[in-house]
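Student: In full-length UniProt numbering, the protein residues as written are 1 to 306. Here a beta-carbon is modelled for each residue, glycine too, at the ideal position from N, C-alpha and C. As the structure is a computational prediction, the values presented were derived from the model and not from experiment. After the structure tokens below, expect a handful of questions from me.
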Amino acid sequence: MKSGEDPVASIDALIAALREQGYFADRRLATAVFLALRLQRPLLLEGEPGVGKTALAQALSAVLSRQLIRLQCYDGLEQREALYEWNYTAQLLHLRASEAGHQEAGADERERELYQPRYLIRRPLLQALQAPAPGAVLLIDEVDRADEPFEAFLLEYLGEYQVSIPELGVVAARVPPVTILTSNRTRDLHDAVKRRCLYHWLDYPERERELAIVQAKVPEAAAALTAQVADFVGRLRSRPFADAFSRVPGIAESVEWAKALVALDTLVLDPELVHETAGILFKQREDIAALTPERLAQLLAPQDES
Ligand SMILES: Nc1ncnc2c1ncn2[C@@H]1O[C@H](COP(=O)(O)OP(=O)(O)OP(=O)(O)O)[C@@H](O)[C@H]1O
Ligand SMILES: [Mg+2]
Numbered sequence: 001m002k003s004g005e006d007p008v009a010s011i012d013a014l015i016a017a018l019r020e021q022g023y024f025a026d027r028r029l030a031t032a033v034f035l036a037l038r039l040q041r042p043l044l045l046e047g048e049p050g051v052g053k054t055a056l057a058q059a060l061s062a063v064l065s066r067q068l069i070r071l072q073c074y075d076g077l078e079q080r081e082a083l084y085e086w087n088y089t090a091q092l093l094h095l096r097a098s099e100a101g102h103q104e105a106g107a108d109e110r111e112r113e114l115y116q117p118r119y120l121i122r123r124p125l126l127q128a129l130q131a132p133a134p135g136a137v138l139l140i141d142e143v144d145r146a147d148e149p150f151e152a153f154l155l156e157y158l159g160e161y162q163v164s165i166p167e168l169g170v171v172a173a174r175v176p177p178v179t180i181l182t183s184n185r186t187r188d189l190h191d192a193v194k195r196r197c198l199y200h201w202l203d204y205p206e207r208e209r210e211l212a213i214v215q216a217k218v219p220e221a222a223a224a225l226t227a228q229v230a231d232f233v234g235r236l237r238s239r240p241f242a243d244a245f246s247r248v249p250g251i252a253e254s255v256e257w258a259k260a261l262v263a264l265d266t267l268v269l270d271p272e273l274v275h276e277t278a279g280i281l282f283k284q285r286e287d288i289a290a291l292t293p294e295r296l297a298q299l300l301a302p303q304d305e306s
């Protein structure tokens with residue numbers, strides 16, 4: 001992309017701009033992002049671990065020169081951690097001071113004074129809504145880990161880019177935040193959430209893209225080694241091999257593995273080396289045990305050119 005060109009003028013411009021930030025998107029993903037931006041809709045990204053869901057939001061915030069605001073979801077996440085809470089200590093001090101000062105203030109007036117915006121602690125959702133131009137990128141990461149009431153709470157934000165705060169009324173977005181939700185699909189999200197979002201399933205990359213990513217992240221690796229990493233990992237993820245493992249490596253693991261192999265001065269992969277470094281590719285004892293000598297031989301066999 002030529003500098004100065006609008007990164008969201010076209011899908012190609014967006015692909016180029018993301019690449020400049022070190023993120024390699026295929027056309028389908030770039031189209032989904034492009035449309036989310038054009039239609040001002042949240043984008044729900046689902047995919048296996050380590051396929052670049054979080055990294056996309058990070059790259060996009062750089063491309064758009066918008067600040068990234070991240071809401072990491074977990075079981076038990078509450079509204080006050082996501083949206084806002086009142087600064088009770090400051091409110092209490094205010095109350096004491098006003099009691100000591102002008103006793104004559106009525107209860108209503110005191111309450112109004114207590115619930116002024118300066119006593120509001122803004123959490124990610126509210127920060128995103130109130131971000132100054134050009135607005136924020138809000139990453140609602142791993143939304144499948146939060147519980148269903150939290151999903152229901154998100155609906156107003158996702159549908160209208162606004163939230164209702166009882167003491168202050170409706171807070172609407174100054175600039176609609178570019179909103180990315182990610183999920184590992186540990187559970188199905190509610191239809192109402194999905195309906196408010198554009199949806200994209202982020203798959204493992206095809207060989208060329210994985211090669212490009214590893215090359216970009218581990219430039220010190222020789223081209224032949226990078227190619228072997230991409231081939232090996234690609235095979236692991238395809239059948240029949242994939243069926244033997246509970247979880248196959250993502251892009252993050254390919255990159256880590258290439259770094260490790262460089263650190264070990266590797267020129268050519270061999271079964272022993274794969275075995276010794278298997279803890280980078282797999283995080284389950286059973287998966288490492290499934291790397292039998294026979295499988296390793298098949299995985300490392302020269303590529304069939306046909
Ligand atoms: N398309 C890509 N282009 C460049 N780097 C990528 C890409 N996809 C993944 N990566 C690299 O892989 C790493 C892991 O990606 P990321 O953390 O975004 O995965 P994730 O899908 O969010 O995983 P999880 O579900 O475990 O959170 C990133 O740090 C990034 O370096
Ligand atoms: Mg992530």
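Report the partner residues of Ser164 according to the DSSP bridge assignment.
Tutor: Per DSSP, Val170.
Student: Which value, in whole angstroms, describes the spacing of the CA atoms of Leu39 and Glu111?
Tutor: Their Cα atoms are separated by approximately 41 Å.
Student: Measuring only the C-alpha atoms, how far is Ala297 from Arg122?
Tutor: For Ala297 and Arg122, the distance between alpha carbons rounds to 56 Å.
Student: How about Leu44 and Tyr199: are their beta carbons less than 7 Å apart?
Tutor: Taking 7 Å as the Cβ cut-off, Leu44 and Tyr199 qualify as a contacting pair.
Student: Scan the segment 6 to 41 and note each continuous alpha helix (DSSP H) run of 4 residues or more that stays entirely inside, going in chain order.
Tutor: Qualifying alpha helix (DSSP H) stretches, in chain order: 11 to 20 and 27 to 39.
Student: For the beta strand (DSSP E) containing Gln298, list its first residue and its last residue.
Tutor: Not the beta strand (DSSP E): Gln298 falls in the alpha helix (DSSP H), residues Pro293 to Leu300.
Student: In whole angstroms, what is the alpha-carbon distance linking Lys2 and Asp108?
Tutor: Unreliable placement is indicated for Lys2, whose pLDDT of 49 sits below 50; no coordinate value is reported for it.
Student: Could you tell me the alpha carbon to alpha carbon distance between Ser306 and Ala152, rounded to whole angstroms?
Tutor: The predicted position of Ser306 is uncertain, since its pLDDT is 41 and thus under 50; a value taken from the coordinates is nonetheless stated next. Their backbone Cα atoms lie some 51 Å apart in a straight line.
Student: Report the three-state DSSP secondary structure of Leu154 (helix, strand or coil).
Tutor: Leu154 falls in the helix class under three-state DSSP.
Student: Taking C-beta to C-beta, are Leu129 and Ala173 nearer than 7 Å?
Tutor: Taking 7 Å as the Cβ cut-off, Leu129 and Ala173 qualify as a contacting pair.
Student: Is any heavy atom of ligand 2 found at a distance shorter than 6 Å from the C-beta of Thr179?
Tutor: Thr179: no, Cβ never under 6 Å from ligand 2.
Student: If you measure between the beta carbons of Cys73 and Ala146, is that distance less than 7 Å?
Tutor: Their beta carbons are under 7 Å apart, which means Cys73 touches Ala146 by this criterion.
Student: Excluding five sequence neighbours on each side, which residues of the same chain lie with their C-beta closer than 7 Å to the C-beta of Ala260?
Tutor: For Ala260, where only same-chain residues beyond five positions count, the Cβ hits under 7 Å are Thr277 and Ile280.
Student: Per DSSP, which residues does Asp287 bridge with? Please list them.
Tutor: In the DSSP output, where bridge partners are listed per residue, Asp287 has none listed.
Student: Does at least one heavy atom of ligand 1 sit under 6 Å from the Cβ of Lys259?
Tutor: Result no, Cβ not under 6 Å from ligand 1.
Student: CB-CB under 8 Å to Glu78, same chain, minus the five flanking residues each way: which ones, in chain order?
Tutor: So the list reads Phe150, once near-sequence residues are dropped.
Student: Since Ala244 and Ala289 should fall inside the 8 Å C-beta cutoff, what is the C-beta to C-beta distance between them, to a whole number of angstroms?
Tutor: That pair is no contact at about 10 Å.
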